[in-house]
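Engineer: Each residue of the sequence shown is one higher than the one before, starting from 1084 at the first, in the numbering used here. Yeah, the Cβ is synthetic: ideal placement off N, Cα and C, and Gly gets one too. On a predicted model such as this, the values are computed, not experimentally measured, just so you know.
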Amino acid sequence: MAWQRRTGFKKPSTKDSFSTVVVSYLVTNKGSVLASSKDYELLVREIYQQMLDQDQAQNVIVQHNVQKQGRATSHQIDVYWEFCLGGVTHKVAIQAKRWKNPIRKGDVLTFKGVLEDLPGTIGIMITSSRYQKGAVDVAKASGIMICNLQENLGSPVCAYPGATLTFRMKGFLTAPDGSFLGALADVAQNIPTVSDLSLKADSSWHQANDPLPEPMTLVNLPQPVQFFDQDGKELITLTRILGGFYEEMHREGQMSARKTHRFEYPTFVKLVDPPFTIKEESLSATVVFTRKTTEIVFKAPNVAVFILKNLNSGAEHHVVTRIPTQ
1084 MAWQRRTGFK KPSTKDSFST VVVSYLVTNK GSVLASSKDY ELLVREIYQQ MLDQDQAQNV
1144 IVQHNVQKQG RATSHQIDVY WEFCLGGVTH KVAIQAKRWK NPIRKGDVLT FKGVLEDLPG
1204 TIGIMITSSR YQKGAVDVAK ASGIMICNLQ ENLGSPVCAY PGATLTFRMK GFLTAPDGSF
1264 LGALADVAQN IPTVSDLSLK ADSSWHQAND PLPEPMTLVN LPQPVQFFDQ DGKELITLTR
1324 ILGGFYEEMH REGQMSARKT HRFEYPTFVK LVDPPFTIKE ESLSATVVFT RKTTEIVFKA
1384 PNVAVFILKN LNSGAEHHVV TRIPTQ
């Protein structure tokens, strides 16, 4: 199988949330991973070549920057391939846009016009930015697949106090020349969702100062949420309080709970609009954990990981690319 030959481990089943593609294209950049629009187009071309190889499509060549003659005129296509199956020719045209600005409705309409002049051609748009709502609506109505391809700069896993992560190694990623690119693993963890976050003001203190209704809902607070003493010195943050909730629930084996943190010392929070300082007694929140398993890549040095996401279906592919040393 092509997957085993290129990566050294078995291709994931269709139940996996995404698959990982190892590409042999080497980006040549300084500072940012992709130095030009051409680099971006070449990466897209290589990704789809590898994906077609993994699907065991025979003798399909994915081309870059080709001219295709339509019924009325000739069109430049960033990435293109076609193949014949069962006597039917399948043609795919991709527009790859490495733009900072979002894709507009007019951009999709222009691509739609190209596809209409190339009968029977499936259209895919890929961008490093995002799509405006009008662009999404036109793409869906026209049957154009829209995707996003960005470098994954986030941490492979996100842990918090008390979190328990379970790792299952799935295999190693190697380039066609056999060099090590990274490791693939499934990480299972409980993901918290916080709702009904509320503060209880110190009613006796406010009766002597500025009366306030209670309990109060967390609104118009600066981010991140911080709590201060009477001299304006930070005592604790909302993130630390929630982390304490998570740790307690893990220790007690709870998947859902209503948690309350009572402030031991005089504690104040500052509203932004209107500007106001409130003395608080406690903070409460409902926390629900959901078990989630995520496939992640632990990459080697000089390796970049991209995420190709189909915005129509939500399917994702992780793309592992080696970056040559300068």
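With ALA1268 as the anchor, note down where its beta strand (DSSP E) starts and where it stops.
Structural biologist: Counted as a single uninterrupted DSSP element, the beta strand (DSSP E) harbouring ALA1268 occupies residues 1263-1284.
Engineer: How many whole angstroms separate the CB atoms of ILE1274 and PHE1372, which I take to be in contact at a CB cut-off of 8 Å?
Structural biologist: Right, the Cβ-Cβ distance comes to about 7 Å (below 8 Å), so this counts as a contact.
Engineer: Looking at C-alpha atoms only, which residue of LEU1192, SER1211, LYS1121 and MET1252 is the closest neighbour of GLY1226?
Structural biologist: LEU1192
Engineer: Is it buried or exposed, ALA1398, if we count other Cβ atoms within 10 angstroms and call 16 or more buried?
Structural biologist: exposed
Engineer: Of the choices ALA1224, GLY1327, SER1367 and SER1120, whose alpha-carbon is the least far from that of LYS1195?
Structural biologist: When only C-alpha atoms are compared, the closest one is ALA1224.
Engineer: Which one or two residues does DSSP pair with LEU1232 in a beta bridge?
Structural biologist: Answer by DSSP bridge pairing, in chain order: LEU1391.
Engineer: Check whether the Cβ atoms of ARG1251 and VAL1277 lie closer than 9 Å to each other.
Structural biologist: No, the pair does not count as a contact, with Cβ atoms beyond the cut-off.
Engineer: Would the region 1309-1320 and the region 1367-1385 be scored as touching if the rule is three or more Cβ pairs under 8 Å?
Structural biologist: no
Engineer: So is TYR1348 buried or exposed if we call it buried at 16+ other beta carbons inside 10 Å?
Structural biologist: exposed
Engineer: Sort out for me which residues DSSP pairs LEU1366 with in a bridge.
Structural biologist: LEU1282 and HIS1344
Engineer: For GLN1178, count the other beta carbons within 10 Å of its own beta carbon; 16 or more makes it buried, fewer makes it exposed. Which is it?
Structural biologist: buried
Engineer: By the three-class DSSP mapping on this structure, what secondary structure does ILE1207 have?
Structural biologist: It is a strand residue.
Engineer: Confirm, please, whether the CB-CB distance from ASN1395 to MET1134 is below 9 Å.
Structural biologist: no
Engineer: How would you call ASP1161, buried or exposed, if buried means at least 16 neighbouring beta carbons within 10 angstroms?
Structural biologist: buried
Engineer: Sort VAL1352, LEU1325, PRO1384 and VAL1355 by Cα distance to ARG1341 and report the nearest one.
Structural biologist: LEU1325
Engineer: Got a sec, what are the start and stop residues for the alpha helix (DSSP H) MET1332 sits in?
Structural biologist: 1321-1335
Engineer: Which residue's Cα is closest to the Cα of GLN1150: THR1350, HIS1158 and VAL1143?
Structural biologist: HIS1158
Engineer: Note down, in chain order, each residue of its chain lying with its Cβ closer than 8 Å to the Cβ of THR1172, except the 5 sequence neighbours on either side.
Structural biologist: GLU1165, PHE1166 and GLY1203
Engineer: Let's see if you can read the secondary structure: which residues bound the beta strand (DSSP E) around LEU1256?
Structural biologist: 1249-1257
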